[in-house]
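Heads up: the protein sequence lines correspond to chains A, G and P, in order.
Here the first sequence stands for residues 1 to 398, where the numbers follow UniProt numbering.
Here the second sequence stands for residues 1 to 249, where the numbers follow UniProt numbering.
Here the third sequence stands for residues 1 to 153, where the numbers follow UniProt numbering.
Encoded as structure tokens, the structure appears first; notes follow it.
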Amino acid sequence: MAKIAYQKLTDHSSFFWGLLGFHLLVIAAGLGAALYMEHHGHVVTGMSNQIVWGAPHVFAVFLIVAASGALNVASFSSVFNKLAYKPYARLSGVLAIALLMGGLAILVLDLGRPDRLIVAMTIYNFRSIFAWNIYLYVGFIAVVGLYLYVMMDRRVSRSETPTRIVGGFAFFWRFALTTGTGSIFGFLIARDAYSSAIMAVLFIAASFLYGLAFTVLVLLTMSRETRHELISEDMLGKFRGLFILFALAVLYITAVFHLTKLYAPDYREVETFLLRDGGIYTLAFWVGQIGIGLLLPLAILVFRGSGRHAWHAVAIAAPLFLIGGVAQMYFTIIGGQAYPLRLFPGMQVSSSFHDGVIAQYWPSLPEVLLGVSGVSLAMLLTGVALKVLPFLPRPASV
Amino acid sequence: MTGNRPVDEGRRGFLMSSVAVAATLLAPGVTLYAMGGDAAAAATAPASAKVRWGLLIDAAQCKDGCAACIDACSSAHGWQSAGHPETDAQWVRKITATDPKTGAGFSAPVMCQHCANAPCVDVCPTGASFKRADGIVLVDRHICIGCRYCMMACPYKARSFVHEPVADQKPDAPRGKGTVEGCTLCASRIDAGGVPHCVEACKTAGHGAILFGDLNDPSSDIVKRIATYRSTRIRADLGCDAAVYYTNI
Amino acid sequence: MIRGARIALLLALLIASQITLAVGEESKLVPHPPKGRGEQCVAATDFMRRNHMNLMKHQRDETVREGVRGKAFSLTGCVDCHAVNGADAKPVSYADSRHFCRSCHDYAAVSIDCFQCHASRPGSEKPHAAQGVGSTALAAVAAYFQGAANDRK
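Below, the structure is given as structure tokens:
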């Protein structure tokens with residue numbers, strides 16, 4: 001195979017600057033929102049003692065899940081030796097790091113005491129999945145950074161071996177990372193809506209889908225910037241196939257997850273709530289995740305995804321998958337908390353502390369801004385990275 | 001020293017060396033002064049792993065409309081309502097439960113259950129959520145970063161997040177915005193040989209529904225009572241091994 | 001290192017201030033922490049100036065995590081003895097720049113968060129009696145800090 005040539009972004013359209021400027025504005029707004037929340041306390045958010053994790057976590061977990069998935073394209077090329085994906089391997093690594101940083105920034109700024117971040121970085125409780133995750137996150141950035149290095153360094157990349165070894169390690173690491181993120185919820189025995197090992201598997205399947213959606217979206221946007229199609233027709237077909245495969249996997253695991261829960265009488269109550277009576281959460285699930293986020297893009301890709309429509313189909317499906325991802329997180333994170341803890345199963349309970357009632361939650365503007373600014377941070381980092389180093393393939397070698 | 005916040009290296013080096021010098025140069029008894037006569041109380045011994053503090057709550061004795069335990073706790077620790085029911089802290093609340101089939105029910109106070117296998121302790125990333133040697137589960141608010149994972153993990157909804165700045169705290173009960181808090185079983189009183197405020201208040205109100213004692217001591221009232229009358233613990237099925245027992249629920 | 005230098009500078013200034021004070025000219029260049037109640041602090045004054053943060057941090061962990069109470073370096077104790085009265089003859093809070101704990105910190109641009117949670121004025125209840133510390137306790141403190149210093153080597 002011919003040597004692949006790479007490029008950095010050089011002469012910029014006003015579109016590029018416009019995008020960067022937009023993301024900068026959103027980030028500034030997000031930082032302002034974080035300061036505002038930090039100054040007044042979380043009382044200015046929609047969060048409460050019932051819904052302790054709100055919109056910021058929705059975006060943060062979504063980005064972190066997508067980050068590990070974004071690495072897939074690189075893994076295909078180096079671990080599974082699918083050479084067609086190789087031109088995108090660098091971008092996929094950069095995107096993975098950027099998405100993770102975007103997610104982590106939100107998590108940190110949503111802490112009650114962000115000023116104590118240093119504590120979180122230096123004192124660990126090794127029984128905590130959260131603490132493992134801190135290692136997994138930092139390690140992920142390091143491993144992917146190294147991976148980028150062995151792919152890009154002139155001398156090291158002459159041999160295939162380092163790329164394959166580090167790539168394999170990165171692949172393993174990304175599984176650990178998503179498993180860890182999924183387990184943050186899966187290990188919560190207290191909450192009926194979570195408490196399942198399938199949670200981690202579901203998160204892994206979802207990560208494939210969202211990571212790929214981000215990768216394809218960035219490639220399509222940058223095609224406009226470089227004025228050349230960065231995705232050849234051939235590759236478009238491959239991505240389409242992967243999208244369909246991943247989306248079906250998410251659908252399947254989601255179905256298994258809810259069916260097993262429905263089957264156990266103990267969990268039937270919470271499932272009925274989430275899937276039927278949960279108002280906004282039920283909507284987020286059926287309309288957001290399943291309808292807009294999975295079935296609609298699947299239909300588009302299957303029925304209109306080939307031939308001259310291919311480009312449009314993929315360009316529409318990718319953002320739809322991402323919207324579905326946010327809906328999935330909203331449903332999972334907020335819906336799961338809205339259903340009250342059952343201290344006395346089978347009894348009707350009431351108290352001054354909102355026991356036994358469905359919690360109300362409406363995200364406030366600052367927390368939404370903080371959440372969205374994480375996405376913007378990831379995109380800004382990616383944009384700047386593409387400008388600084390040759391991460392994008394040259395069209396001729398695609 | 002779990003809670004020691006890391007300090008800037010250079011400065012720490014400076015401090016440490018100066019401390020070491022001062023402490024070695026001065027003979028024992030010279031640097032630290034004994035205080036005047038009013039300082040009779042000796043330093044208390046560290047919490048002992050031989051004991052495990054617990055409560056036994058008799059729902060039959062817990063009277064409708066009485067909130068003595070809650071009022072005592074709130075005024076002692078200063079967690080009064082700030083007018084925002086959704087976000088106001090509640091270290092203890094009374095839950096009224098009714099069986100929808102039979103109509104029978106009970107009401108009883110629920111606070112931190114001071115589990116032996118506390119999920120909040122397991123999940124806390126910094127170790128701020130911890131269990132003392134004597135079984136009391138606390139938040140070390142000096143290293144709590146306010147991530148609220150413990151609140152996600154607690155099956156009892158026993159913890160509150162401080163959503164707003166706090167002013168005019170009690171000297172004995174520091175608390176502040178951005179950290180998670182909950183029932184401390186009045187650890188400072190227990191260390192001084194006392195009983196928790198709720199236990200005392202319930203007794204003063206004439207109900208005596210809450211019994212406090214050492215679950216490891218076979219001769220204690222609490223152990224004798226649970227050995228005689230059947231008691232349960234909330235969500236015992238989860239295997240957290242709570243230190244708060246209930247009867248007549 | 002900068003902070004280390006800052007302490008050194010501050011200490012030098014403090015010592016200088018004592019000399020100038022002895023000569024009778026009050027210097028406006030240095031902080032003048034109000035004197036605490038009683039004759040002495042819980043440890044030698046210059047030792048306190050340099051080490052109060054570490055002493056308190058150590059005691060903090062001992063109290064919160066192990067349940068040892070009534071020892072010398074209790075924050076409640078500092079607040080009791082070092083209360084500074086305002087115009088209304090009531091102790092000022094940390095919001096007031098005259099508060100003892102701000103007398104040097106403002107000067108040295110140190111900011112502490114302790115009083116976001118801890119009361120910065122003595123309570124109405126019986127003040128916490130600071131406790132006399134015997135030689136064993138001191139030996140323990142000394143050993144602790146030496147241990148900490150040795151760990152670093």
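Yeah, the Cβ is synthetic: ideal placement off N, Cα and C, and Gly gets one too.
Going along the chain, which residues of its own chain have a beta-carbon closer than 8 angstroms to the beta-carbon of residue i, five neighbours each way excluded?
i, result
"S223(A)", "E229, L230 and I231"
"A49(G)", "A133 and D134"
"A130(P)", "Low confidence applies to A130(P): its pLDDT is 35, below 50, so where it sits in the model is not reliable, and the reading given next is rough at best. V42, A72, S74, G77, D80 and C81, listed in sequence order."
Just reading off the beta strand (DSSP E) that residue i is part of, what are its end residues?
i, result
"S129(G)", "S129 to K131"
"D214(G)", "I210 to D214"
"I184(A)", "That residue, I184(A), is in no beta strand (DSSP E); its alpha helix (DSSP H) goes E160 to G186."
"W53(G)", "W53 to D58"
"V244(G)", "V244 to T247"
Just to confirm, are residue i and residue j a CB contact at a threshold of 8 angstroms?
i, j, result
"L20(A)", "G383(A)", "yes"
"W53(G)", "G182(G)", "no"
"A70(A)", "T215(A)", "yes"
"A33(A)", "S68(A)", "no"
"V42(P)", "A72(P)", "yes"
"T260(A)", "L202(A)", "no"
"A205(A)", "F246(A)", "yes"
"L91(A)", "F391(A)", "yes"
"D99(G)", "N248(G)", "no"
"C114(P)", "L75(P)", "yes"
"A317(A)", "I300(A)", "yes"
"N125(A)", "P125(G)", "yes"
"G127(G)", "I123(A)", "yes"
"K94(G)", "S107(G)", "yes"
"A98(A)", "L381(A)", "yes"
"G374(A)", "I129(A)", "no"
Assuming residue i is part of the alpha helix (DSSP H), what are its boundary residues?
i, result
"G112(A)", "Premise fails: G112(A) is in no alpha helix (DSSP H) and is neither H nor E."
"Q116(P)", "C114 to C117"
"S350(A)", "Here S350(A) belongs to no alpha helix (DSSP H); instead the beta strand (DSSP E) covers Q348 to S350."
"G374(A)", "L365 to V388"
"L234(A)", "In the sequence as presented, Leu is not what sits at residue 234(A); that position holds Asp. Counting along the chain, the alpha helix (DSSP H) containing D234(A) begins and ends at E233 to Y263."
"W17(A)", "S14 to H40"
"V65(A)", "A55 to A70"
"S97(P)", "Note, S97(P): premise wrong, no alpha helix (DSSP H); not H, not E."
"I189(A)", "Unbroken run through I189(A): none, as it is neither H nor E."
"E39(P)", "Note, E39(P): premise wrong, no alpha helix (DSSP H); not H, not E."
"A201(G)", "H197 to T204"
"K57(P)", "T45 to D61"
In its own chain, which residues sit with a C-beta less than 6 angstroms from the C-beta of residue i, not counting the 5 before and 5 after it?
i, result
"V7(G)", "In this predicted model, V7(G) has a pLDDT of only 36, less than 50, meaning its place in the structure is not dependable; the value taken from the coordinates is given anyway. Once the five neighbours on either side are set aside, V7(G) has no close Cβ partner at all."
"S376(A)", "H23, V26 and I27"
"I199(A)", "Per the sequence shown, residue 199(A) should be read as Met rather than Ile. So the qualifying residues of the chain are G182, F185 and G186."
"W362(A)", "G46"
"L217(A)", "A318"
"D192(A)", "Y267 and V270"
"V141(P)", "Only weak support is given to the placement of V141(P): the predicted model assigns it a pLDDT of 47, under 50, and the question is left unresolved by the model."
Can you list, in chain order, the residues of its chain whose CB lies under 7 angstroms from that of residue i, leaving out five sequence neighbours each side?
i, result
"D241(G)", "C115, A116 and N117"
"S17(G)", "Unreliable placement is indicated for S17(G), whose pLDDT of 38 sits below 50; the coordinate value is still reported in the next sentence. Around S17(G): no qualifying Cβ."
"G139(A)", "W173"
"I333(A)", "W53, H57, V58 and V61"
"A190(A)", "L341"
"A84(A)", "M235 and K238"
Check whether chain C comes within 8 angstroms of residue i, counting only Cβ atoms and requiring the distance to be less than that.
i, result
"V110(G)", "The structure shown contains no chain C; its protein chains are A, G and P."
Evaluate the contact criterion for the segment 146 to 154 of chain A versus the segment 147 to 163 of chain G: three or more CB pairs, one atom per stretch, below 8 angstroms.
-> no
Of all the alpha helix (DSSP H) runs that stay within the bounds of the segment 318 to 342 of chain A, which reach a length of 4 or more residues?
-> none
Those runs of the beta strand (DSSP E) which lie wholly inside the segment 67 to 115 of chain G and span at least 3 residues = 93 to 98 and 105 to 110
Assess, as a yes-or-no matter, whether the segment 366 to 383 of chain A is touched by the segment 45 to 65 of chain A under the definition of 3 or more beta carbon pairs within less than 8 angstroms.
-> yes
In chain order, each alpha helix (DSSP H) run of at least 4 residues that lies wholly inside the segment 115 to 185 of chain G = 119 to 123 and 149 to 153
Do three or more CB pairs link the segment 77 to 88 of chain P to the segment 201 to 211 of chain G at distances below 8 angstroms?
-> no
Return the chain-ordered ranges of every alpha helix (DSSP H) run that is complete within the segment 268 to 293 of chain A and spans a minimum of 4 residues.
-> 280 to 283
Check whether the segment 172 to 187 of chain G touches the segment 68 to 81 of chain G, taking contact to mean three or more Cβ pairs, one atom from each stretch, closer than 8 angstroms.
-> yes
Is there contact here, the segment 327 to 345 of chain A with the segment 264 to 276 of chain A, by at least three beta-carbon pairs under 8 angstroms?
-> yes
Do the segment 216 to 228 of chain G and the segment 180 to 197 of chain G touch if we need at least three Cβ pairs shorter than 8 angstroms?
-> no
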